[in-house]
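In what follows, a structure is listed as structure tokens, so that the remarks can point back to it.
Residue numbers (our numbering): 18 to 228.
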């Protein structure tokens, strides 16, 4: 490394940095030598492994006395930063504002792209909100329907005569309730079908009407 630097052997210096994966040192070396094209090329080559290179390059170009001569490089850097969301728009503006000679046109394409992206995201979010509201409305209707069914079928059962319709004794558990509003002790009810898992009952008072 010392020999390469002593004899200004740039390719050798960069090769040694590359082998050591010192990508930021490569970029800094090119900045020190004002090699604009090489700076962007280095970002393109190593930027996926070290995204900080793009931010470092943007800061470098924004501090040049005149940024008009590096408009292409700044636009390339901004495009990558925007695509990979490396910096917020505010930080991009603050970075480029460090130089009074920065051409505001450099920001135009970037800000337009950013605004369009934000608008698309807003529209997507609004669409999701509408979808969730619709789904919630449908769920609310289903809940209301279930509540209606409960009131229709179960409230009468809870409010019916607490005595057995057959023996007229007070009901106790286990007992059977029918939608006809008759209730029976389990041993007073009429079992019409029995399996290993469940028993089917008919109301003894109404079963004759159903036959």
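Where a beta carbon is used, it is the ideal one built from N, C-alpha and C, also for glycine. Note that the coordinates shown come from a computational prediction; the quantities given were computed from them, not determined experimentally.
For the set 44, 52 and 121, the Cα lying nearest the Cα of residue 67 is the one of 44.
Shown here, residue 180 sits in a strand according to DSSP, grouped into three states.
DSSP places residue 207 in the strand class (E or B) of the three-state scheme. Comparing alpha carbon positions, the residue from 184, 49, 197 and 158 closest to residue 224 is 197. The closest CA to that of residue 97, considering only 51, 149, 126 and 179, is found on 126.
Here the C-alpha atom of residue 62 lies approximately 15 Å from the C-alpha atom of residue 72.
Just measuring C-alpha positions, the residue of 103, 180, 78 and 38 sitting nearest residue 57 is 78.
Judged by DSSP in its simplified three-state form, residue 87 adopts helix.
For residue 131, the closest of 102, 163, 47 and 31 by C-alpha to C-alpha distance is 102. Bounds of the beta strand (DSSP E) holding residue 200 are 200 to 202. Taken atom to atom, the span from the alpha-carbon of residue 87 to that of residue 153 is near 53 Å. Put simply, the backbone Cα of residue 93 is about 15 Å away from that of residue 52.
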